[in-house]
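These notes are about the structure you will find just below.
Residue numbers (my numbering): 142 to 315.
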């Protein structure tokens, strides 16, 4: 197999499975992550650790090139995938997809398959794993801190007021 070896820096909440299906949109799988990073635990990844991400590839055959197929895209087949859905997502021919993968997708779940395409698809880019940026986190922390401080101030003033009222009543009764 030919592959592109990409380096990725681990962020909070990352694990090999999540990375394979979100950040790399099923273009690799968690088993390959594990094979290329044998010294790491797939679910306990230290922050900022550099990991190798294998993105496997294959070149079209001469016959495929003659049919106009320019690329073979690696995709990790999911439980809920079907040929119609995936071919539509990539703009691929169902017939060519079936031929390239020996007409067998039932045993392909969580395994890489090749999607033959005549041009590169325009796929939506994932947001940064659904994570908020550090500036959004900072604003949230400041907001919560200010809200908490205001609440404590109001509570303290209320308690002092109630205490003063009780003292005033005690002084009147004596």
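Even for Gly, the Cβ is constructed at its ideal location relative to N, Cα and C.
Which residues DSSP lists as bridging residue i, in chain order
i	result
residue 197	144
residue 256	214
residue 325	Since the displayed the chain opens at 142 and closes at 315, residue 325 lies outside it and no answer follows.
Coarse secondary structure for residue i, derived from DSSP in three states
i	result
residue 214	strand
residue 228	helix
residue 165	coil
residue 314	helix
residue 206	helix
residue 298	helix
residue 246	coil
residue 289	helix
residue 176	helix
Residue i, buried or exposed, once every other Cβ within 10 Å from all chains shown has been counted against 16
i	result
residue 180	exposed
residue 194	buried
residue 228	buried
residue 168	buried
residue 281	exposed
residue 174	buried
residue 253	buried
residue 182	exposed
residue 278	exposed
Whether residue i touches residue j by CB criterion (7 Å)
i	j	result
residue 186	residue 151	yes
residue 191	residue 148	yes
residue 262	residue 210	no
residue 241	residue 255	yes
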